[in-house]
Structures are given as structure tokens and as C-alpha cells.
Amino acid sequence: MGKLTVICLVWLLLFAVTLILIDEQLSVNELEQTSNGAQRQERDNGTSQSSGFVALQVNGNLTDDFWERGVNDLPVLTVAVSYVVENVGNVSADVITVEIALDSVYYSTETVYDLLPNSEFAESISFSVEYDQSKTVEIEASCDDVTDFWSHTVDAVLPRHFSLGVSKFFVTPDEQCVQSVYGEIASDIFFVHWIAIRDWVGRNIDYVDDEDVHGVGEFWQLGRETLESRTGDCEDFAILLCSLLRADEWSIEDVYVVIGQNDVGNYHAWVKVKIPFVGWYNIEPQLDGWNTLVGDLVALHGYTAIYNFNDQYFTEL
Ligand SMILES: [Ca+2]
Ligand SMILES: [Ca+2]
């Protein structure tokens, strides 16, 4: 091989290597450009998402609560809940669905159209909770795949002491247990109704201090609770007797639970009835039989009535 041939071969080799290196550099540049383009595209997409979006916020609060008589004549706490759905995004929310559930059971649905940014939809709902029970209200607002949620648990704890607004709900003439026991008593009556009913209460309910049964100084029982335990103290006897007399269709004007106080400050509860041709008569519900007419007078001597109530009226004397 001549010297010139060797030089030519070396030159060709160097030329080929240079071409390969240039080609690789071009490929790397293309890749970088593609990658930068993709990143820019992602950025652009990100910008377009954050430039127009809907975001929802649900808030609520308890605006009212009061006790009333439920369908079974037992107390229920009726509450009003106000709620607000706000669009905290920056474009209008076309269709918002607001679904309300009580204890995870469907309650109602509201549809809100075209809610502008930074504006809100306000509404309220009302529902009842049985005494000594709880209920959870859940409110969920959603628009496409955007959603928010608010919930609140209402505890309907019945006040178990003297309470101006609640006392009358303890007298339950239409409650099932009261009606059932009244039915038993009435089927046996051959003389005067009010005496037979007070005798039944005096004979079938045992006096026990609230402290011993409930562990607290004062605990008012509903008629059904006294009938189930067959025990109670003065107000429990009086509430049950008043409920049974009302079940016997004594007029709302003619039978009351009375809360009174004696000279040394002790409180007591009894029942008063307006007997035809006789007038008002005070009954000590813990007594029975021959105590009527004499025992009642002795037992209640020294007490002054302060409040009267039945299932409809409450009067401060
Ligand atoms: Ca008591
Ligand atoms: Ca009691």
C-alpha cells in the first residue's frame, strides 16, 4: 500500500467519524426541542386549567331549635339549619347539585344554575329529632367533578328538670303506653273514673328517689318511662296521673300537674282536678284508696302552688 493511499484512508475515516458526530448532535438537539415543546405544552395546559375554574364551599349552622310534640305524642326537638353554597372559583358554575341526607338517608335535592364567581346560594331546612336521640345532617354540593361537603350532628337531649318551655311535653295522653294502661284501667272501672285512675297510680308505682335510679338529684320521667320502670318520685307520679286523666278525656281546662313549695323551701308535685259540682281538688298521686278526701289534704298541707301545667297549658301562678 502506497503512502498516499494510507493518507487517503485516514482522511476518509476522519470524515466518516465527523459525519456520525454531527448526526448525533442533531438528534440530541431534536430531542431537546421536542422535550422543551412538551414542557411548554404542559405549562400551557396548566395555565389554561388555572385560568378558569369552579370551586365550591359549603357551610351551615343551626339557626333555631325548639321542643314540640311528635306524632307519637313524645317530645321531639325541631331544628332549623341554614346553609350556604359558595362558588369560590373564577368562572360561573353552570349546574350545582346540592344533596341533603339525614343519617345517611336521602332527604332532598336542590339544583342551582349559573352561580357566578364569589357569589352564594343560601337555603334552610328543618327537621325533627326524637328526644334523647341524635341525627346527622349532611349537605353535599357538586358541579361536574368539583365537590364540597358539610355535616352537623344534632343531639336532642331532653331537659330532665323543671323547664318553662318543655314541662308540658312530659304530659303525654296519646302516647301508646299511656293509652294501653288507660285501656286496662278503664275496662275495670265500675265507680268514679278519676278515683280509679289515681288508685291505679298509687298502687302500681313505687316511690324511688331520682338519685337512686338516675344518679342525679332531679330527673323527670315521661309517662311511658314511669310505666316501664314502675318507679318514680313526686313529679313522675304527677306527670303520669295527669297523662292518664287526660287520656280519660278530662278537659284541658280541668286537670293539671302542680309544682309547689312549702315553708321550708321543699318542692313538691301533685295533680289538681276540677270535679263537677265540687270544684278544684288536689290529689296526692302517691296515695290511693281511703286517702282520697282526707289523706290528700294532709299530705299537701303547707304547700303553695307555683306552676300549673298539662299537655297544652303552662301557667305561672
Ligand atoms: Ca324529682
Ligand atoms: Ca323523677
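For the sequence shown, the working numbering assigns the number 17 to the initial residue and increments by one for each residue that follows. Glycine is no exception: its CB is placed at the ideal position from the N, C-alpha and C atoms.
Paired residues, beta bridge with Y297 - DSSP | The count along the sequence shown starts at 1 and reaches residue 297 at position 281. Beta-bridge pairing links Y297 to V289.
Y283 to W236, Cα distance in whole Å?
-> As a first step, residue 283 is located in the sequence shown; it is residue number 267 there, counting from the start. As a first step, residue 236 is located in the sequence shown; it is residue number 220 there, counting from the start. Their Cα atoms are separated by approximately 14 Å.
Report yes if the C-beta distance between E334 and D89 is below 9 Å; otherwise report no.
-> Absent from the model: residue 334. The displayed extent of the chain is 17 to 333, so no value can be given.
Which term fits E84, buried or exposed, when burial requires 16 or more other beta carbons within 10 angstroms of its beta carbon?
-> Within the sequence shown, numbered from 1, the residue matching residue 84 stands at position 68. With fewer than 16 other Cβ atoms within 10 Å, it is exposed.
Is it the case that the CB of W236 approaches a heavy atom of ligand 2 more closely than 8 Å?
-> As a first step, residue 236 is located in the sequence shown; it is residue number 220 there, counting from the start. Yes, the beta carbon of W236 sits closer than 8 Å to at least one heavy atom of ligand 2.
Environment of L78 [buried if 16+ CB atoms lie within 10 Å] = By 1-based counting over the sequence shown, the position of residue 78 is 62. Exposed, because fewer than 16 other Cβ atoms sit within 10 Å of the Cβ of L78.
Whether N307 touches G218 by CB criterion (9 Å) = By one-based count along the sequence shown, residue 307 stands at place 291. By one-based count along the sequence shown, residue 218 stands at place 202. It is a contact, given that the beta carbons lie within the stated cut-off.
Taking the C-alpha atoms as reference points, what is the distance between H209 and W266?
-> Along the sequence shown, read from residue 1 onward, the residue named residue 209 stands at position 193. Along the sequence shown, read from residue 1 onward, the residue named residue 266 stands at position 250. Going by the C-alpha atoms only, they are around 10 Å apart.
Report the rounded CA-to-CA distance for L238 versus I255, giving the unit in angstroms.
-> Here residue 238 is taken as the residue at index 222 of the sequence shown, counted from 1. Here residue 255 is taken as the residue at index 239 of the sequence shown, counted from 1. Their backbone Cα atoms lie some 7 Å apart in a straight line.
Please name the residue or residues paired with Q277 in a DSSP beta bridge.
-> Translated into the one-based positions of the sequence shown, residue 277 becomes position 261. Partner(s): Y283, T320.
Opposing strand residues paired with F69 [DSSP bridges] | Here residue 69 is taken as the residue at index 53 of the sequence shown, counted from 1. Beta-bridge pairing links F69 to no other residue.
Locate the alpha helix (DSSP H) running through H230, then write down its first and last residues.
-> Numbered from 1 along the sequence shown, position 214 holds the residue referred to as residue 230. Start and end: 226 to 230.
CB H158 to CB V97, shorter than 9 Å?
-> The count along the sequence shown starts at 1 and reaches residue 158 at position 142. The count along the sequence shown starts at 1 and reaches residue 97 at position 81. Note that residue 158 is Ser in the sequence shown here, rather than His. Not in contact: S158 and V97 (Cβ atoms no closer than 9 Å).
Which residues does DSSP pair with W83 in a beta bridge?
-> Start at 1 with the first residue of the sequence shown, and residue 83 comes out as number 67. Looking at the DSSP assignment, W83 forms a beta bridge with L93.
Going by C-alpha distance, which of L243, D204, L174 is nearest P189?
-> Counting from one through the sequence shown, the residue named residue 189 turns up at place 173. Measuring from the Cα of P189, the nearest candidate turns out to be L243.
Is it the case that the CB of C258 approaches a heavy atom of ligand 1 more closely than 8 Å?
-> For the purposes of this step, residue 258 is taken as the residue at position 242 of the sequence shown. Every heavy atom of ligand 1 is 8 Å or more from the Cβ of C258, so no.
Among P301, L261, A138, nearest to C250 - alpha-carbon criterion | The residue given as residue 250 occupies position 234 in the sequence shown. It is P301 whose Cα lies nearest to the Cα of C250.
Any heavy atom of ligand 2 closer than 8 Å to the Cβ of E126?
-> If you number the sequence shown from 1, residue 126 lands on position 110. No - ligand 2 has no heavy atom lying nearer than 8 Å to the Cβ of E126.
With hydrogens ignored, establish whether the beta-carbon of D190 is closer than 8 Å to any heavy atom of ligand 2.
-> Position 174 of the sequence shown holds residue 190. No; taking the cut-off as 8 Å, the Cβ of D190 has no heavy atom of ligand 2 nearer than that.
H209 - containing alpha helix (DSSP H), residue span | The count along the sequence shown starts at 1 and reaches residue 209 at position 193. Unbroken alpha helix (DSSP H) run through H209: 209 to 220.
Please specify which runs of the alpha helix (DSSP H), each continuous and at least 4 residues long, are wholly inside the segment 137 to 198, giving them in chain order.
-> none
Locate the beta strand (DSSP E) running through N330, then write down its first and last residues.
-> Position 314 of the sequence shown, counting from 1, holds the residue named residue 330. It is Phe, not Asn, that sits at residue 330 in the sequence shown. Here the beta strand (DSSP E) through F330 covers 330 to 332.
Between the C-alpha atoms of I112 and T127, what's the straight-line distance to the nearest angstrom?
-> The residue you call residue 112 lines up with position 96 of the sequence shown. The residue you call residue 127 lines up with position 111 of the sequence shown. If you take the alpha carbons of I112 and T127, they lie about 6 Å apart.
Given that a residue counts as buried once 16 or more other Cβ atoms are within 10 Å of its Cβ, and exposed if not, what is I268?
-> Here residue 268 corresponds to residue number 252 of the sequence shown, with the count starting at 1. Flag for I268 reads exposed.
Could you tell me whether any non-hydrogen atom of ligand 2 is closer than 8 Å to the CB of G276?
-> Along the sequence shown, read from residue 1 onward, the residue named residue 276 stands at position 260. Answer for G276: no, Cβ out of range of ligand 2.
Span of the alpha helix (DSSP H), counted from its first residue to its last, around E244 | Indexing the sequence shown from 1 puts residue 244 at position 228. From DSSP, the alpha helix (DSSP H) with E244 extends over 239 to 245.
Locate the alpha helix (DSSP H) running through I255, then write down its first and last residues.
-> Within the sequence shown, numbered from 1, the residue matching residue 255 stands at position 239. First-last of the alpha helix (DSSP H) with I255: 250 to 263.
Rounded to the nearest angstrom, how far is the Cβ of A321 from that of V274, given a contact under 8 Å?
-> Position 305 of the sequence shown, counting from 1, holds the residue named residue 321. Position 258 of the sequence shown, counting from 1, holds the residue named residue 274. Yes, they are in contact, since the Cβ atoms of A321 and V274 sit about 5 Å apart, within 8 Å.
Confirm the yes/no value for this check: CB of D228, any heavy atom of ligand 1, distance under 8 Å.
-> Numbered from 1 along the sequence shown, position 212 holds the residue referred to as residue 228. D228: no, Cβ never under 8 Å from ligand 1.
With a threshold of 8 Å, establish whether the CB of E154 neighbours any heavy atom of ligand 3.
-> As presented, the structure is devoid of ligand 3, carrying ligand 1 and ligand 2 as its sole ligands.
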